[in-house]
Amino acid sequence: MDNMRQAERGAPSMRSAYQRAPGGSVYLDIQMLWGMHYLTKSGWSYRVTELAGGSHSKKSSHYRGVAFDVDYINGVKVGRGNRHLRGFMWKCRQLGAREVKGPGTAGHSSHVHVEW
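Under this note's numbering, residue 130 is the last one in the sequence shown; the count climbs by one each step, no gaps.
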């Protein structure tokens, strides 16, 4: 959660600097941060596993500070059988996410990718 604390202070968040990650820092998108806030205010609990870090493709939206990944929703591991999955993904879209991928999309069987 260091990246969230940095964003809260108005500072850039650190990107990972291993494998394909570019290192350096990025300001997290304010619309995404508000979306995350309103997800919580709407009663959703979720665990963010990737924000500005991690090892993704070279042009990953994570490195631009506009995406996050979630692996647990309301205490349940993300997967095809997660009863909260559709509702969570719908709420993300309703809050303005332009891309929401999860189980059923290649490379996203164990997490939800949310991009603003």
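Cβ atoms here follow ideal geometry from the backbone N, Cα and C, with glycine treated the same way.
Measure the C-alpha to C-alpha separation of G57 and A31 and round it to an integer number of angstroms.
-> Their backbone Cα atoms lie some 34 Å apart in a straight line.
Taking 8 Å as the threshold, find out whether the region 82–94 comes into contact with the region 108–120 through three or more Cβ pairs.
-> yes
For the alpha helix (DSSP H) containing W83, list its first residue and its last residue.
-> What sits at residue 83 in the sequence shown is Asp, not Trp. Not the alpha helix (DSSP H): D83 falls in the beta strand (DSSP E), residues A81 to I87.
Compute the beta-carbon to beta-carbon distance between V40 and D83, rounded to the nearest angstrom, for a pair I have assumed lies under 8 Å.
-> Not confirmed; about 16 Å, so no contact.
Any C-beta of chain D sitting closer than 8 Å to the C-beta of L53?
-> Included in the structure is just one protein chain, with no chain D present.
Select from S71, R78, T54 and K72 the residue whose C-alpha is nearest the C-alpha of L65.
-> Among S71, R78, T54 and K72, the Cα nearest to that of L65 is on R78.
Spatially closest choice to W104 from G121, S69, E129 and K72, by CA coordinates = Answer by Cα proximity: E129.
Leaving out five residues before and five after L47 in sequence, what residues of the same chain have Cβ atoms less than 7 Å from its Cβ?
-> Cβ neighbours of L47 beyond the five flanking positions: A21.
Provide the residue span of the alpha helix (DSSP H) that contains R94, from first to last.
-> Annotation: R94 is outside any alpha helix (DSSP H) and is labelled neither H nor E by DSSP.
When you compare each of L42, Q33 and R29 to R23 by their alpha carbons, which one comes out closest?
-> Among L42, Q33 and R29, the Cα nearest to that of R23 belongs to L42.
Whose CA, out of R34, G49 and P26, lies closest to the CA of R112?
-> G49
Tell me the DSSP bridge mates of H127?
-> D83 and K115
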